[in-house]
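In UniProt numbering, the protein residues as written are 1 to 306.
Backbone N, C-alpha and C define an ideal beta-carbon position, used for all residues, glycine too.
Below is one structure, written out as C-alpha cells; comments come after it.
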C-alpha cells in the first residue's frame with residue numbers, strides 16, 4: 001500500500017480557491033447576462049480581474065468589452081498600460097469620458113477638484129447608451145466599510161442606484177442575476193480577495209503592472225501628512241517644500257488626489273513584504289477623495305457608483 005504521506009495533495013491553496021471562485025462568477029455572468037462589460041482602469045485590481053476573465057475563456061477571446069470611466073485626471077503611465085493590455089488581448093475598449101461630459105454641460109466640476117461624484121452620471125449614461133446589463137467591478141470588501149456590505153451580485157434599479165438594505169441572498173454561492181428592463185447587476189469577482197491576495201496573485205502569475213506600483217525616487221509635496229507627486233495636476237503651493245523621496249503607489253486613482261507612500265519596495269515580492277505588516281488600508285493611506293466623510297463611499301454607491 002502507498003503510505004498516506006506519499007499520496008498527492010489535491011487541496012487548493014488560498015489563491016487557487018479565490019481564482020476558482022472568481023472564474024466561476026465571471027463565467028456565470030457571461031452565460032446569464034445579455035450584455036456584460038468589465039470595468040478596466042489599468043489599476044492592479046482591474047488588471048487581476050481582466051487576467052481572470054482571460055483565463056475563464058481561454059483559448060477563446062474574452063466575449064465582452066471592457067470600459068473605462070476616464071476622469072481626465074489619470075496617471076499617464078496607467079492609461080498607457082490600459083491601452084497596451086487591451087490591444088494585447090484584442091478586446092473592445094469603451095471609454096466614458098468625464099471631460100467630454102463637462103464640455104457638453106451634462107455634469108459640472110466640483111470646486112474641490114474631485115471628479116468622483118460626476119463619474120457616476122457619466123457611468124450611468126454609458127451603461128444606458130451601450131445597453132450594458134451586468135458590470136464587472138474590481139472592488140474588494142477589505143477596501144471600505146461600504147464595500148464590505150455589498151454582495152457578489154449587487155442589484156441596481158433602473159436609476160443605477162443601490163439599496164444596501166435590499167440585497168439578494170447568495171446562499172451556497174448561488175447567484176440571482178435576473179433583471180427587468182433598465183435594471184442592471186454590478187458583479188464583484190474580487191469581493192473575497194484582500195490587497196495581499198491581489199499582490200500574491202500578481203507574483204504567482206507574473207502579471208505585468210504599471211511601474212507606479214513600485215518604489216522609485218519622486219518629487220513630492222506633503223499635504224496633511226499625505227505625499228502627492230509633483231505632476232501636471234499637482235504643483236507646489238506657496239510655502240510648500242518639494243521633497244525628493246522614495247515612494248510608490250498602493251492604489252492609482254486620479255493623479256490630483258491620490259497620494260504615494262514612502263517605500264523601498266522595487267519588486268513585487270518586496271511590496272508583498274511591506275503590505276503584510278501594514279495596518280492601514282490602501283484607500284485610507286492614499287485616497288484624498290474619500291476623506292469627505294466616513295460615509296463618502298456608501299453615499300456614492302447609492303447614487304450609482306461602484
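Report the three-state DSSP secondary structure of residue 335 (helix, strand or coil). As shown, the chain starts at 1 and ends at 306. That puts residue 335 outside it, with no answer to give.
Less than 7 Å between the C-beta atoms of residue 215 and residue 264, yes or no? In the chain shown, the residue the question calls residue 215 occupies position 215. In the chain shown, the residue the question calls residue 264 occupies position 264. Contact: yes.
Is it a yes or a no for the stretch 56-66 touching the stretch 241-248, going by three-plus beta-carbon pairs under 8 Å? Contact annotation: the stretch 56-66 does not touch the stretch 241-248, with fewer than three C-beta pairs closer than 8 Å.
Backbone CA spacing between residue 236 and residue 260 [nearest angstrom]: Taking the chain shown and counting its residues from 1, the one referred to as residue 236 is at position 236. Taking the chain shown and counting its residues from 1, the one referred to as residue 260 is at position 260. One Cα belongs to residue 236, the other to residue 260, and the distance between them is close to 16 Å.
Under 7 Å between the Cβ atoms of residue 218 and residue 133? For the purposes of this step, residue 218 is identified with residue 218 of the chain shown, where counting begins at 1. For the purposes of this step, residue 133 is identified with residue 133 of the chain shown, where counting begins at 1. No, the pair does not count as a contact, with Cβ atoms beyond the cut-off.
Please report the straight-line C-alpha distance between residue 268 and residue 105, rounded to a whole angstrom. Within the chain shown, residue 268 is the residue found at index 268, counting from 1. Within the chain shown, residue 105 is the residue found at index 105, counting from 1. Straight-line Cα distance between these residues: approximately 43 Å.
Just the C-alpha distance for residue 188 and residue 195, rounded to the nearest angstrom, thanks. Position 188 of the chain shown, counting from 1, holds the residue named residue 188. Position 195 of the chain shown, counting from 1, holds the residue named residue 195. Their Cα atoms are separated by approximately 15 Å.
Whole-angstrom distance between residue 108 and residue 329, CA atom to CA atom: What the structure shows of the chain is the stretch from 1 to 306, and residue 329 is not part of that stretch, so it cannot be assessed.
Alpha carbon to alpha carbon, how far is residue 239 from residue 48? Give it in angstroms, no decimals. Numbered from 1 along the chain shown, position 48 holds the residue referred to as residue 48. Numbered from 1 along the chain shown, position 239 holds the residue referred to as residue 239. Going from the Cα of residue 48 to the Cα of residue 239 covers about 41 Å.
Give the single residue among 89, 68, 29 whose Cα lies nearest to the Cα of residue 51. Within the chain shown, numbered from 1, the residue matching residue 51 stands at position 51. Taking only the C-alpha atoms, the option nearest residue 51 is 89.
Residues near residue 307 by beta carbon distance below 7 Å, same chain, minus five either side: No information on residue 307 is available, as it lies outside the stretch 1 to 306 that the chain covers here.
Range covered by the alpha helix (DSSP H) that runs through residue 129: Locating residue 129 in the chain shown gives position 129, where the first residue counts as 1. Residue 129: member of the alpha helix (DSSP H) spanning 116-130, first to last residue.
Which whole runs of the alpha helix (DSSP H) in the stretch 201-273 are 4 residues long or more, in chain order? You should have found no qualifying run.
Do residue 190 and residue 140 have their C-beta atoms closer together than 7 Å? Taking the chain shown and counting its residues from 1, one reaches residue 190 at position 190. Taking the chain shown and counting its residues from 1, one reaches residue 140 at position 140. The Cβ atoms of residue 190 and residue 140 lie closer than 7 Å to each other.
DSSP beta-bridge partners of residue 68: The sequence position of residue 68 within the chain shown is 68, counting from 1. Beta-bridge partners assigned by DSSP to residue 68: 95.
Where the alpha helix (DSSP H) through residue 48 begins and ends: Indexing the chain shown from 1 puts residue 48 at position 48. For residue 48, the enclosing alpha helix (DSSP H) starts and ends at 44-57.
What is the DSSP secondary structure of residue 134, reduced to helix, strand or coil? Against the chain shown, residue 134 aligns to sequence position 134. DSSP places residue 134 in the strand class (E or B) of the three-state scheme.
When burial is assigned at 16 or more other CB atoms within 10 Å of the CB, is residue 44 buried or exposed? Walking along the chain shown from the start, residue 44 turns up at place 44. Buried, because 16 or more other Cβ atoms sit within 10 Å of the Cβ of residue 44.
Who are residue 154's beta bridge partners in DSSP? As a working note, residue 154 is residue 154 in the chain shown. Answer is 186, bridged to residue 154.
Three-state class that DSSP yields for residue 107 in the structure shown: Position 107 of the chain shown, counting from 1, holds the residue named residue 107. In the three-state scheme derived from DSSP, where H, G and I count as helix and E and B as strand, residue 107 is classed as coil.
Coarse secondary structure for residue 86, derived from DSSP in three states: Numbered from its first residue, the chain shown carries residue 86 at position 86. In the structure shown, residue 86 sits in a helix (DSSP, three-state: H, G or I).
Tell me residue 15's beta-bridge partners as DSSP assigns them. Indexing the chain shown from 1 puts residue 15 at position 15. DSSP lists no partner for residue 15.
Here's a check: name, in chain order, each residue in its chain whose Cβ is nearer than 7 Å to the Cβ of residue 204, leaving out the five neighbours to either side. One-based indexing of the chain shown puts residue 204 at position 204. Contacts found: 15.
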